[in-house]
Structure formats: C-alpha cells, structure tokens
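Peer 1: Here it is: the structure, laid out below.
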Amino acid sequence: MPDALVYLTSAAALAAAVFAAWHTAKSYRFSNPLFYAIAVVEVLLVVVLVWGIVAVAGTDRDLEKGLYLSYLVTTVLIPPASVLWGIGDKTRWGTGVVAVALFTVSVMLIRTHQIWQGHG
0 MPDALVYLTS
10 AAALAAAVFA
20 AWHTAKSYRF
30 SNPLFYAIAV
40 VEVLLVVVLV
50 WGIVAVAGTD
60 RDLEKGLYLS
70 YLVTTVLIPP
80 ASVLWGIGDK
90 TRWGTGVVAV
100 ALFTVSVMLI
110 RTHQIWQGHG
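Sequence positions in the sequence shown follow numbering that gives the first Met the number 0 and run 0 to 119.
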C-alpha cells in the first residue's frame, strides 16, 4: 500500500476526529460540516479498499490476506455506523462516538499498512 495514501487517509480521519471532538467539547450536535468531513474520509477509505483488494489479488507476498482485507472492510464500515449513531444521539456524546470511531479508523489504517509491509 502506498505510504502517501495511508498517511493522507489516516491524517484525514484524525482531522475529522478532532473536529468531532470539538463538537463534543462545545456540546454541538452533529452538523453538516462534520458530515462532509466524514464523507471525505469515507471516499478515501473506499479508494484504500479498492487498492487493497486489487493489490491482494495481484500479489504473491506472504501476508495474512483475510486479516488484511477484514481490516480494510472494517475501516470502510465504521464511519457510516458512527454517522448513524451521531445523528441519532441528540446529546453531545453522539459526536463523541464519532470522534472515537474516526480515531479508531486512523489507527486501523496504520495497522493495515504494517500488515501489508510484513510487520505483523
């Protein structure tokens, strides 16, 4: 997996997590700008997923393909689930869940990159 793609996507997830945490700290409800930030992260995650599937299909590397692909699929599923939670929870903690979820996505991307590089 290209370093730049992983770090860009991870940084975008962290930035969105900080934005969501700011919403939580200010007791703001889920907002359109937060939704758009998560949408950008989701688009990047789909690019990572497609790249990962194509890369796994065309590699002869010794890596745990099931684990690698499960991480990629999970990172794509977490943001929409957190958005549903964030919109549904009318308290400040709805955005808190989003912040934690996006931080988790960022960490999972780094872990996925480690698996791809063979540090796993």
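Ideal placement from N, C-alpha and C gives every residue a C-beta, glycine not left out.
Taking the alpha helix (DSSP H) that Tyr-27 belongs to, which residues open and close that run?
Peer 2: For the purposes of this step, residue 27 is identified with residue 28 of the sequence shown, where counting begins at 1. Neither: Tyr-27 is in no alpha helix (DSSP H) and is coded neither H nor E.
Peer 1: Touch check for the stretch 88–97 and the stretch 3–11: three-plus C-beta pairs under 8 Å?
Peer 2: Contact between the stretch 88–97 and the stretch 3–11 is absent, because fewer than three Cβ pairs lie under 8 Å.
Peer 1: Keeping to the same chain, check which residues put their C-beta closer than 8 Å to that of Phe-34; ignore five residues upstream and five downstream.
Peer 2: Mapped onto the sequence shown, residue 34 falls at position 35. Closer than 8 Å at the Cβ level, and outside the excluded window around Phe-34, lie Val-82.
Peer 1: Can you give the Cα-Cα distance for Thr-90 and Leu-68, rounded to whole angstroms?
Peer 2: As a first step, residue 90 must be located in the sequence shown, where it is residue number 91. As a first step, residue 68 must be located in the sequence shown, where it is residue number 69. If you take the alpha carbons of Thr-90 and Leu-68, they lie about 34 Å apart.
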